[in-house]
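Number of protein chains: 2
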Amino acid sequence: MTIGQLIKQLRENAGMKQRELAAKLEIGEGFLSKVENDQKLIKRDDLTKISQLFNTKLSELETLWLANKIYNVIKYESNAIDALHVAEEEISYLTKQKK
Amino acid sequence: MTIGQLIKQLRENAGMKQRELAAKLEIGEGFLSKVENDQKLIKRDDLTKISQLFNTKLSELETLWLANKIYNVIKYESNAIDALHVAEEEISYLTKQKK
DNA sequence: ATTACTTGTCCTATTTTGGTCAAATATAAG
DNA sequence: CTTATATTTGACCAAAATAGGACAAGTAAT
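Which chain is which? The protein sequence lines are A and B, in order. Sequential numbering from 3 applies to the first sequence in our numbering. Sequential numbering from 3 applies to the second sequence in our numbering.
Right, here's the structure in full:
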C-alpha cells in the first residue's frame with residue numbers, strides 16, 4: 003500500500019470526489035490525481051489535514067509518506083535492496099544508542 | 003560500515019594522505035575530510051575513480067553510497083524502520099515483475 | 001453531454017549538492 | 001616545548017535538482 007493508494011481509498015470510502023478533497027486541501031484536482039497515483043508526493047503538512055478529515059492515524063500516513071520518499075531514491079537502482087539493508091543497520095545501530 | 007568509513011579505510015590501507023587522494027579526485031582536502039566523516043556525500047561519479055585507485059568493487063561502493071542517501075532521508079524520523087520495510091516491500095513487489 | 005479523473009507541459013521558489021577557504025585542532029617529529 | 005604536517009570544522013556559496021504546484025487538453029465513466 004502506497005501513500006497515494008491510501009489517500010484514494012480513504013477518499014472513496016468517504017464518498018468524496020477528488021474535487022472536494024482537492025478543495026479542502028487547497029490544491030488543484032490535477033495535482034491530487036497525481037498524488038493518488040504516486041506521480042507526485044503530497045506536502046507533508048497536508049497529512050495532518052488528511053488524518054483529521056478521515057479520522058485516520060497520522061503515524062500511518064507518515065510512514066507511507068516516508069516510504070514513498072525512500073522509494074523515490076532507489077527505484078531505478080539495481081542494488082536497492084542491499085542499500086536498504088545497510089541503511090537499516092545504520093539506523094538500528096544508532097537507535098540502540100549504547101550510551 | 004558507511005561509505006565515508008570505507009573510503010577512509012581504503013585510503014589508509016594504501017598509506018595515502020588525504021591531500022593525495024583529494025588531489026587525485028580533484029577536490030579540496032577539507033571536503034574529503036567531510037566525506038570520510040559522512041558529513042558530505044561524494045559525487046557518485048567519483049566512486050568509479052575510487053574503485054580503480056584502490057582496486058575495489060564498484061558495486062560495493064555504490065551500495066554504501068546509496069545507503070547513505072537513504073539514511074539522510076530518514077535519520078531524524080521516528081518511524082524510519084517501518085518506512086524502510088514498506089519501501090522494501092514496494093521494491094520487492096515491483097522487482098518480481100509479474101508480467 | 002456531464003462529471004470525474006488523468007496526463008503532459010510548464011513554472012518558480014526552495015532545497016540540496018558539491019564544493020571552497022580559513023581557522024581551529026590533532027598528531028607526530030625533532 | 002616547538003614546529004611541521006595532517007585532519008577537522010564552520011561559514012559561506014553558486015549551480016543544480018527537487019518540490020509543489022497550475023493549467024489545458026485528453027480520457028473514462030455515467
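All residues carry an ideal CB built from backbone N, CA and C; glycine is no exception.
Cβ neighbour criterion (16 or more within 10 Å) applied to A/Thr65
Under the 10 Å beta carbon count, A/Thr65 is surrounded by 16 or more other beta carbons and is classified as buried.
From A/Arg21 to A/Tyr95, what does the alpha carbon distance come to, in whole angstroms?
Approximately 45 Å between the Cα atoms of the pair.
Within 10 angstroms of the Cβ of B/Ala16, are there 16 or more other Cβ atoms? Answer buried if so, exposed if not.
With fewer than 16 other Cβ atoms within 10 Å, it is exposed.
What are the uninterrupted segments assigned as alpha helix (DSSP H) that are 4 or more residues long and contained completely in the segment 49-81 of chain B, given in chain order?
For the segment 49-81 of chain B, whole alpha helix (DSSP H) runs of length 4 or above, ordered along the chain, are 60-76.
Mind checking the segment 36-70 of chain A against chain B and listing, in chain order, the residues whose C-beta falls within less than 7 Å of any C-beta there?
From the segment 36-70 of chain A, only Ser61, Glu64, Thr65, Leu66, Leu68 and Ala69 have a Cβ closer than 7 Å to chain B.
Take every Cβ of the segment 30-46 of chain A, pair it with every Cβ of the segment 44-53 of chain B, and state whether three or more of those distances are shorter than 8 Å.
The segment 30-46 of chain A makes no contact with the segment 44-53 of chain B: fewer than 3 CB pairs, one atom from each, lie closer than 8 Å.
Under the rule that 16 or more other beta-carbon atoms within 10 Å means buried, what is A/Leu60, buried or exposed?
When all chains shown are included, A/Leu60 counts as exposed.
Within a Cβ cutoff of 6 Å, which residues of the same chain sit near A/Ile44, ignoring the five residues on either side of it in sequence?
Taking A/Ile44 as the centre and dropping the five residues before and after it, the same chain places the C-beta of Val37 closer than 6 Å to its C-beta, in chain order.
Would you say the beta carbon of B/Val37 comes nearer than 7 Å to a heavy atom of the ligand NAP?
This structure simply doesn't include the ligand NAP, nor any ligand for that matter.
Closest Cβ-Cβ distance between B/Tyr78 and chain A: below 8 Å?
With its beta carbon at least 8 Å from every one in chain A, B/Tyr78 lies outside the interface.
Three-state secondary structure assigned by DSSP to B/Asn15
Three-state result, B/Asn15: helix.
How should B/Tyr78 be labelled, buried or exposed, when 16 other C-beta atoms within 10 angstroms of its C-beta is the threshold for buried?
Flag for B/Tyr78 reads exposed.
At a Cβ threshold of 8 Å, is B/Leu86 touching chain A?
By this cut-off, B/Leu86 is an interface position.
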